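Participant: Going by UniProt numbering, the final residue of the sequence shown carries number 308, and the count climbs one at a time with no gaps.
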Amino acid sequence: MLEMKELVKRYGNFTAVDHLTLTVPDGSIYGFVGPNGAGKTTTMRMMAGLLQATEGSIWMDDVDMTKNPRLLRTKIGYMPDFFGVYDNLKVTEYMDFYAGTYEVPYKDRKDIIDGLLDIVDLSHKKEAYVDSLSRGMKQRLCLARSLIHDPKLLILDEPASGLDPRARVEMKEILKQLQSMGKTVVISSHILPELAEMCTEVGIINQGKLAAQGTVQEIMRQLTQKRIIYVRPLADVSKTVEILQEMPAVKEITENTADLEFVFDGSEEMLAEILKRLVESGIGIVSFREKEGNLEEIFMQVTGGAGV
1 MLEMKELVKR
11 YGNFTAVDHL
21 TLTVPDGSIY
31 GFVGPNGAGK
41 TTTMRMMAGL
51 LQATEGSIWM
61 DDVDMTKNPR
71 LLRTKIGYMP
81 DFFGVYDNLK
91 VTEYMDFYAG
101 TYEVPYKDRK
111 DIIDGLLDIV
121 DLSHKKEAYV
131 DSLSRGMKQR
141 LCLARSLIHD
151 PKLLILDEPA
161 SGLDPRARVE
171 MKEILKQLQS
181 MGKTVVISSH
191 ILPELAEMCT
201 EVGIINQGKL
211 AAQGTVQEIM
221 RQLTQKRIIY
231 VRPLADVSKT
241 VEILQEMPAV
251 KEITENTADL
261 EFVFDGSEEM
271 LAEILKRLVE
281 SGIGIVSFRE
291 KEGNLEEIFM
301 QVTGGAGV
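1. So K125 and L133 are supposed to be a Cβ contact under 8 Å. How far apart are they, rounded?
2. May I have the straight-line CA-CA distance separating M220 from L147, to the nearest angstrom?
3. Less than 8 Å between the C-beta atoms of L163 and L295, yes or no?
4. By alpha-carbon positions, which one of T43, E252 and P248 ends up nearest to L271?
5. Within the continuous beta strand (DSSP E) that includes I155, where are the two ends?
6. Under 8 Å: do the region 51-65 and the region 7-15 share three or more Cβ pairs, one atom per stretch?
7. Three or more C-beta pairs under 8 Å: does that hold for the region 154-170 against the region 64-83?
8. Give a yes or no on contact between the region 259-266 and the region 227-243, applying the rule of three or more CB pairs nearer than 8 Å.
9. Can we say the region 168-179 touches the region 57-72, given the rule of at least three CB pairs closer than 8 Å?
10. Determine the contact status of I205 and G39, defining contact as a CB-CB distance below 8 Å.
11. In whole angstroms, give me the CA-to-CA distance for D62 and A235.
12. Measuring straight from C-alpha to C-alpha, what distance separates P35 and A258?
13. Quick test of your reading: residue 331 and V237, contact by CB under 8 Å. State the CB separation rounded to the nearest angstrom.
14. For V241, does the three-state DSSP call read helix, strand or coil?
15. Can you have a look at M47 and say buried or exposed, based on whether 16 or more other CB atoms are within 10 angstroms of its CB?
16. On the premise that G304 lies in contact with K18, defined as a C-beta separation below 8 Å, what is that separation, rounded to the nearest angstrom?
17. Which first and last residues belong to the alpha helix (DSSP H) in which P193 is found?
18. Of the residues T42, V33 and T184, which one's Cα is nearest the Cα of A16?
19. If you follow the alpha helix (DSSP H) that Y106 is in, where does it begin and where does it stop?
20. Taking the alpha-carbon positions, what's the Q222 to F83 distance?
21. Around the Cβ of G49, are there at least 16 other Cβ atoms within 10 angstroms (buried) or fewer (exposed)?
22. Using CA coordinates, which residue listed in K138, I113, T92 and P151 is at the minimum distance from G182?
23. In angstroms with no decimal places, state the Cα-to-Cα distance between K172 and Q52.
24. Decide if F97 is buried, meaning its Cβ has at least 16 other Cβ atoms within 10 Å, or exposed.
25. According to DSSP, simplified to helix, strand and coil, what is P80?
26. What does DSSP give as the partner residues of P165 in its beta bridges?
27. Which stretch, first to last residue, makes up the alpha helix (DSSP H) that contains I283?
28. Could you check how far apart the C-beta atoms of D26 and T184 are, in whole angstroms? I think they sit under 8 Å.
29. For D118, tell me which candidate among I243, M44 and R145 has the shortest Cα-Cα distance.
30. So, is R135 buried or exposed, given that buried needs 16 or more other C-beta atoms within 10 angstroms?
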């Protein structure tokens, strides 16, 4: 688990990151979003040990990494939003160069490189020059490079930037595969719908401070302080309304074109009891669902409409 505690970064009189505290659970894909200039990249660079914090600490596996940045870099793979590649090297030469910088044993390098190129679907390009790769391929190569030392945590700053839709889908699938392998991923992106699809948790930073953290649904509930439930009966709409009105946790019933909508204020057990009561009353229920959180709506509400 990665924990950042009261992290501060100042440049003279300007505070870029202001007493930021957040937790990234092991095995999660953690989406880190915020308006331009909110402190995302500064925070991620401190996470990666590339920038020294003015105050605060970064803990990983119960070790204060701010006191041991060299150890931190062995546990973290970092992919910046802008990265350089050596165009005059072949793909395998490029990977071997970085394996050397991370002191990967020479006898293990070929197997490790072959395995990583397979994960990012570049095995067929291993003898190609980096200069010949498309932008999407270069992004995947940079991701493979960040994995060369088998880090526990990956920090990816806008990995889908500039990619076409197909390349973004491929990147998303690779990240899910890495999560299934036990990697923890922190990722920033301005493509909020795609981020919401893949992330298990989200942190929103605004003006250097953590404005919200949790699953999309949890943040939605924190902001609205109410849960919206949709129920679609096969028939007997009036009977459905009557039963809902009898349930103490049901508020503000609204009849829409296809669904009944109500505000729910109760426990999960009470919600299950509502569905059970409807079914036992002989009403055919086509669907019974909670309103899904929308990361774009949440972002606009938390940041006051600032651009991502």
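Even glycine gets a Cβ: it sits at the ideal position worked out from N, Cα and C. These numbers were taken from a predicted model, which means no experiment stands behind them.
Facilitator: Reading off the structure:
1. Confirmed, about 7 Å.
2. Linking M220 to L147 through their CA atoms gives a straight-line distance of about 34 Å.
3. Their beta carbons are not under 8 Å apart, which means L163 does not touch L295 by this criterion.
4. Just measuring C-alpha positions, the residue of T43, E252 and P248 sitting nearest L271 is P248.
5. DSSP places I155 inside the beta strand (DSSP E), whose first and last residues are L153 to D157.
6. In this structure the region 51-65 lies against the region 7-15, because at least three pairs of beta carbons, one per stretch, are closer than 8 Å.
7. The region 154-170 is in contact with the region 64-83.
8. Touching, per the Cβ criterion.
9. Touching, no, given that fewer than three Cβ pairs across the two stretches are closer than 8 Å.
10. Cβ distance < 8 Å, so I205 and G39 count as in contact.
11. So the two alpha carbons sit approximately 57 Å from each other.
12. Cα-Cα distance, rounded: 37 Å.
13. Here the chain comprises residues numbered 1 to 308, so residue 331 is not present and cannot be evaluated.
14. In the three-state scheme derived from DSSP, where H, G and I count as helix and E and B as strand, V241 is classed as helix.
15. When all chains shown are included, M47 counts as buried.
16. The amino acid at residue 18 is misidentified as Lys; the sequence shows Asp. Not really, about 16 Å apart at Cβ, beyond 8 Å.
17. Residues L192 to M198.
18. If we check each option's Cα against that of A16, T42 comes out closest.
19. Y106 -> alpha helix (DSSP H) spans Y106 to I119.
20. Computed Cα separation, rounded: 37 Å.
21. G49 counts as buried, since no fewer than 16 other beta carbons sit within 10 angstroms of its beta carbon.
22. Nearest of K138, I113, T92 and P151 to G182, Cα basis: P151.
23. Their backbone Cα atoms lie some 30 Å apart in a straight line.
24. F97 should be labelled exposed.
25. Coil, per DSSP.
26. Answer is none; P165 lacks a bridge partner.
27. Counting along the chain, I283 falls outside any alpha helix (DSSP H), and DSSP gives it neither H nor E.
28. 6 Å between Cβ atoms; contact.
29. Here the closest residue by C-alpha is R145.
30. With fewer than 16 other Cβ atoms within 10 Å, it is exposed.
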